[in-house]
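There are 2 protein chains.
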Amino acid sequence: MPTLAPLASPDDPRIDAYRVIKERDLVGRGGRFIVEGRTVLDVALSARNRFALESLLLAESRVHALGDLLAQAPDDLPIYTAAQPILDGITGFHIHRGLLGVGLRGEMPSMAELVASLPEEALVVVPLGITNHDNVGGIMRNAAAFGADAALFDFASCDPLYRKAIRVSVGGSLVVPFAREGSAEAILDLLAAHGFELLALSPAGATALGDIRRPKRAALLLGAEGPGLPESILARTRTVRIPMRAGFDSLNVATAGGIALHALTSGR
Amino acid sequence: MPTLAPLASPDDPRIDAYRVIKERDLVGRGGRFIVEGRTVLDVALSARNRFALESLLLAESRVHALGDLLAQAPDDLPIYTAAQPILDGITGFHIHRGLLGVGLRGEMPSMAELVASLPEEALVVVPLGITNHDNVGGIMRNAAAFGADAALFDFASCDPLYRKAIRVSVGGSLVVPFAREGSAEAILDLLAAHGFELLALSPAGATALGDIRRPKRAALLLGAEGPGLPESILARTRTVRIPMRAGFDSLNVATAGGIALHALTSGR
C-alpha cells in the first residue's frame, strides 16, 4: 500500500491537477481525466482498467473506509489526504464522495488501429452525434457490461473521459477500448472495409431486434435522441427497431443500446 | 385554442402555483405537479395522459413555435405568457425550455384498486426502494414505451410525479397507471393474491432472462442499484439475471428494467 501524504494547505502545488475542476475540465489538458467515487476507483485500480493513475486525493475521514481499496494501489501512487474543507477549497465544489483521482490518458490508438486490432468475431458500439454526457456514460457502462470489443465515437460526440461521463459509466469508460475521431461516414467506411455489418437502431427500423441474428462482426449504430440517425446513414445500413407501444415510441439512447447489446450477446 | 393571458408582473396571484419551484416541490402541495418542455406537454395534452392540466406558463418568445401544440389544449385552459426575465423571476430558476405547466393529481386509485382493475393478461413493473429521481423517471419512460399495464412503487421509492422524474420519463409518468404505498412485502402479498408471478431482477438470479417465458400475469421487481433487492424478497420470487461480462456486472436499474421489459414483450 502506498504512503499517505497529508496536505496542510489547499495551495499545495502537488495537487495542481485537481484545482477548480469543472464538468468539461481536464480533457485534453495534459491528457488527464478525473476519477470520482469508490466504485470508479475500484475499476481504475483493477486489471480491467486501461489507464494509469497519476495520484489520488481523499478526505481524511474516508481513509479508513477505503483501506481495502487503497491496499490495491501501486506502491508509488501518490495519495494526498486533507480535511474536507481543504478538499472543497482545492476543487471549488463539495466532493460528496470524498475521493478523487487523476488518470493519464496516455497514447491512444487511432480508430483505424483500434479497428484493425479487433478479433475476427467482434461487436462494436458506434455512438454518432451523442453530445449528452449522461448518455455517453450510459453507453460506455452498457458496452462494458455486455463485453463490447470497442466503442467508436464520431468527433461530434462528447468524450467518454469527461468527468461526468466516467462517473455515469461507473468506470466503463476506463474499460472498453474506444476511439473518437472523424465523421460518421468515415467510421462506416472503415467498418465496412473490415467486414462489419452495420446495424442502425431506429424507431422505424425495417427489422425487429428479436429477428436479428448476430453477424460475426457487428457494429451497433446509435444516434442522438430526437433527431436520431440521419437518412444518409440509415440508407447504407441494416435498420433495426425495438418494438414499442404505439403512441409512445420513446427510449433513452443508452437504454436502447443496452437492450440491443443484450439481444446481440445473450445466448452466447 | 385557448386565449393567451399575458402577465405584466411576476407577482400576479394567478400563477402562485409556479412560484419558487424546486426539484421536490409541488408534490402533495394541493395535489399538483409540474410539466416541463414541449415533449412532455405533448403527452400531457394527449389522450394518453391520465391527468388534467390546471394552467400553462410560457415564454412569449415560445408562443409561435408552440402554436400547433397549444391548439390541442382545451379552450378553458389558462395559458399565461410572460417575457423570459419575468418567467425566471416567478420560478426562481432559468426555464430553459420556456414552458411550464401545472397538472392536477386528482383522485388516484389505491394500489389494491389498481391491481384489481388489471386485465387477465398483465405486466406490471414494481420498483422497490428506488429513491433516485432519474431512475424512477427512466423506469416510467420504459414502462410507457413497452406498454406495462401499471407501475407499483413501495413508499420508500420516490414519487413518479416529482418534477425531475416526469421530465426524465418524457411524460411516461403521466401515461402509465401507478400507485405508491406501503412496504415491498405488502405489494408482493397483493400481487401473489392476484395470481401474478413475481420475477425479481438480480445479478445473481437463478434463471437467465432469455430463458424466461412470460407468464400470463407477470410482475417485474426492480431494486435499488448497489444494495439490490433484499434477500427476504429474493427468497419468495423467481430470480432472473441479465447475463453480463465477468468482472463488470453493473447495469443502471432503469436500463436493466428496459432490457427485461423488451424481453418480456417482444414477439407479442
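Order-wise, the sequence lines are chains A and B.
So the first sequence is residues 1 to 268, counted in the UniProt record's numbering.
So the second sequence is residues 1 to 268, counted in the UniProt record's numbering.
Yeah, the Cβ is synthetic: ideal placement off N, Cα and C, and Gly gets one too.
Q) How about the stretch 167-182 of chain A and the stretch 38-56 of chain A: do they share at least three Cβ pairs that are nearer than 8 Å? A) Three or more Cβ pairs drawn from the stretch 167-182 of chain A and the stretch 38-56 of chain A lie within less than 8 Å of each other, which places the two stretches in contact.
Q: Determine the burial state of Pro13(B): buried for a count of at least 16 other Cβ atoms within 10 Å of its Cβ, exposed for fewer.
A: Looking up residue 13(B) in the second sequence gives position 13. Under the 10 Å beta carbon count, Pro13(B) is surrounded by fewer than 16 other beta carbons and is classified as exposed.
Q. In or out: Asp149(A) buried (at least 16 other Cβ within 10 Å) or exposed?
A. Counting from 1 along the first sequence, the entry for residue 149(A) is found at position 149. Asp149(A) is classed as buried because its beta carbon has at least 16 other beta carbons within 10 Å across all chains shown.
Q | Assigned secondary structure, Thr81(A) (DSSP; H/G/I helix, E/B strand, else coil) | A | On the first sequence, residue 81(A) is found 81 positions in, with the first residue counted as 1. For Thr81(A), the three-state secondary structure derived from DSSP is strand.
Q) Since Thr207(B) sits in a beta bridge, which residues does DSSP pair it with? A) Residue numbering aside, residue 207(B) sits at position 207 when the second sequence is read from its first letter. According to DSSP, Thr207(B) bridges with Val240(B).
Q | Cα-Cα separation, Leu229(B) to Thr239(B) | A | Counting from 1 along the second sequence, the entry for residue 229(B) is found at position 229. Counting from 1 along the second sequence, the entry for residue 239(B) is found at position 239. Straight-line Cα distance between these residues: approximately 10 Å.
(Q) Quick check on Thr255(B): buried or exposed, where buried means 16 or more other Cβ atoms within 10 Å of its Cβ? (A) The residue you call residue 255(B) lines up with position 255 of the second sequence. With 16 or more other Cβ atoms within 10 Å, it is buried.
Q | Between the CA atoms of Ala116(A) and Asp249(A) - distance to the nearest angstrom | A | Against the first sequence, residue 249(A) aligns to sequence position 249. Against the first sequence, residue 116(A) aligns to sequence position 116. Whole-angstrom Cα-Cα distance: 37 Å.
Q) Any idea what DSSP makes of Glu113(B), helix, strand or coil? A) Mapped onto the second sequence, residue 113(B) falls at position 113. Look at Glu113(B) here: in three-state DSSP terms it is helix.
Q: For chain A, find out if any of its Cβ atoms is closer than 8 Å to the Cβ of Val35(B); answer yes or no.
A: Looking up residue 35(B) in the second sequence gives position 35. The Cβ of Val35(B) sits no closer than 8 Å to any Cβ of chain A.
**Q.** Integer Cβ distance of Leu222(A) from Leu188(A), believed to fall under 8 Å
**A.** By 1-based counting over the first sequence, the position of residue 222(A) is 222. By 1-based counting over the first sequence, the position of residue 188(A) is 188. In this structure Leu222(A) does not touch Leu188(A) by the C-beta definition: roughly 13 Å separates them, more than the 8 Å allowed.
Q: Using a Cβ-Cβ cut-off of less than 9 Å, list which residues of the stretch 37-60 of chain B approach chain A; keep chain order.
A: Shown in chain order are the members of the stretch 37-60 of chain B whose Cβ falls below 9 Å from a Cβ of chain A: Thr39, Val43, Ser46, Ala47 and Arg48.
Q. Can you give, in chain order, each stretch of the beta strand (DSSP E) that sits fully within the UniProt domain "tRNA/rRNA methyltransferase SpoU type" (123-262) of chain B and has at least 3 residues?
A. Whole beta strand (DSSP E) segments, 3+ residues: 150-153, 178-180, 197-201, 217-223 and 238-241.
Q: Since I believe Pro203(B) is in contact with Arg236(B) (beta carbons under 8 Å), could you give me their beta-carbon distance rounded to a whole number of angstroms?
A: Along the second sequence, one-based indexing puts residue 236(B) at 236. Along the second sequence, one-based indexing puts residue 203(B) at 203. That belief does not hold up - the Cβ atoms of Arg236(B) and Pro203(B) are roughly 18 Å apart, past 8 Å.
Q.
So Pro2(B) and Asp75(B) are supposed to be a Cβ contact under 8 Å. How far apart are they, rounded?
A. Counted from its first residue, the second sequence places residue 2(B) at position 2. Counted from its first residue, the second sequence places residue 75(B) at position 75. 5 Å between Cβ atoms; contact.
Q. So Arg217(B) and Gly195(B) are in contact, right, with Cβ under 8 Å, and what is the actual spacing, rounded?
A. Mapped onto the second sequence, residue 217(B) falls at position 217. Mapped onto the second sequence, residue 195(B) falls at position 195. With a beta-carbon spacing of about 5 Å, Arg217(B) and Gly195(B) fall inside the 8 Å limit used to define contacts.
**Q.** Straight-line Cα distance separating His94(B) from Gln84(B)
**A.** Within the second sequence, numbered from 1, the residue matching residue 84(B) stands at position 84. Within the second sequence, numbered from 1, the residue matching residue 94(B) stands at position 94. Here the C-alpha atom of Gln84(B) lies approximately 8 Å from the C-alpha atom of His94(B).
Q. Exposed or buried, which one is Ala71(B) when buried takes at least 16 other CB atoms within 10 Å?
A. Position 71 of the second sequence, counted from the first residue, corresponds to residue 71(B). Flag for Ala71(B) reads exposed.
Q.
Can you confirm whether the stretch 118-132 of chain B touches the stretch 258-268 of chain A when touching is taken to mean that 3 or more C-beta pairs between the two stretches lie within less than 8 Å?
A. Contact fails: fewer than three Cβ-Cβ distances are below 8 Å.
Q) What separation, rounded to the nearest whole angstrom, lies between the Cα atoms of Leu198(B) and Leu191(B)? A) Here the question's residue 198(B) lines up with position 198 in the second sequence. Here the question's residue 191(B) lines up with position 191 in the second sequence. Computed Cα separation, rounded: 8 Å.
Q) Looking at the C-beta of Thr255(A), does it have a partner C-beta in chain B at a distance below 8 Å? A) Looking up residue 255(A) in the first sequence gives position 255. Chain B contact via Cβ: present.
**Q.** Whole-angstrom distance between Ser183(A) and Leu234(A), CA atom to CA atom
**A.** In the first sequence, residue 234(A) corresponds to position 234, counting from 1. In the first sequence, residue 183(A) corresponds to position 183, counting from 1. Cα to Cα, Leu234(A) sits roughly 15 Å from Ser183(A).
Q.
I want to see whether chain C comes within less than 8 Å of Gly228(B), judged by CB atoms only; does it?
A. This model lacks chain C altogether, as its protein chains are A and B.
Q: Return no unless some Cβ of chain B is closer than 8 Å to the Cβ of Ala224(A).
A: On the first sequence, residue 224(A) is found 224 positions in, with the first residue counted as 1. For Ala224(A), the nearest beta carbon of chain B is not closer than 8 Å to its own beta carbon.
Q | C-alpha distance - Glu107(A) paired with Ala246(B), whole-angstrom precision | A | Here the question's residue 107(A) lines up with position 107 in the first sequence. Here the question's residue 246(B) lines up with position 246 in the second sequence. Spanning the two alpha carbons is a distance of roughly 27 Å.
**Q.** Nearest neighbour of Met140(B), chosen from Leu104(B), Glu121(B) and Ala179(B) [CA to CA]
**A.** Stepping through the second sequence from its first residue, residue 140(B) is reached at position 140. For Met140(B), the nearest C-alpha among the options comes from Ala179(B).
Q) Using the rule of at least 16 other Cβ atoms within 10 Å of the residue's Cβ for burial, across every protein chain shown, is Ala263(A) buried or exposed? A) Stepping through the first sequence from its first residue, residue 263(A) is reached at position 263. Ala263(A) sits buried, since 16 or more C-beta atoms from the chains shown fall within 10 Å of its C-beta.
Q: State the beta-bridge partners of Ser55(A) as determined by DSSP.
A: Here residue 55(A) refers to the residue found at position 55 when the first sequence is read from its first residue. Answer is Val102(A), bridged to Ser55(A).
(Q) Considering Cα atoms alone, identify which of Leu114(B), Leu7(B), Gly31(B) and Leu251(B) is closest to Ala143(A). (A) Locating residue 143(A) in the first sequence gives position 143, counting from the first residue. Ala143(A) has its Cα closest to that of Leu251(B), out of Leu114(B), Leu7(B), Gly31(B) and Leu251(B).
Q) When the Cα of Leu99(B) is compared with those of Pro10(B), Asn49(B), Asp211(B) and Leu87(B), which residue comes out closest? A) Taking the first residue of the second sequence as 1, we reach residue 99(B) at position 99. Nearest option by C-alpha distance: Leu87(B).
**Q.** Residue burial classification, Leu58(B) (beta-carbon count within 10 angstroms, cutoff 16)
**A.** The residue labelled residue 58(B) in the question sits at position 58 within the second sequence. Burial is judged here by how many other beta carbons sit within 10 angstroms of a residue's own beta carbon; Leu58(B) has at least 16 and is buried.
(Q) Based on DSSP bridge pairs, tell me the residues matched to Ala35(B). (A) As a working mapping, residue 35(B) is identified with position 35 in the second sequence. Note that residue 35(B) is Val in the sequence shown here, rather than Ala. Paired residue(s): Gly101(B).
Q. Buried or exposed: Thr207(B), going by 16 or more other Cβ atoms within 10 Å of its Cβ?
A. Translated into positions along the second sequence, residue 207(B) becomes position 207. By the C-beta density criterion, Thr207(B) is exposed, having fewer than 16 other C-beta atoms within 10 angstroms.
Q. Near Arg19(B), what residues of its chain come up, given a Cβ to Cβ distance below 8 Å and the 5 sequence neighbours on each side ignored?
A. Against the second sequence, residue 19(B) aligns to sequence position 19. Excluding five sequence positions before and after Arg19(B), the CB atoms of its chain that fall closer than 8 Å to its own CB belong to Ile90, Thr91 and Gly92, given in chain order.
Q) Closest to Phe51(A) by CA distance: which of Val125(A), Phe33(A) and Phe153(A) is it? A) Position 51 of the first sequence, counting from 1, holds the residue named residue 51(A). When only C-alpha atoms are compared, the closest one is Phe33(A).
Q. Hey, would you say Leu56(A) sits closer than 8 Å to Gly103(A), going by beta carbons?
A. Here residue 56(A) refers to the residue found at position 56 of the first sequence. Here residue 103(A) refers to the residue found at position 103 of the first sequence. For Leu56(A) and Gly103(A), no; Cβs fall outside 8 Å.
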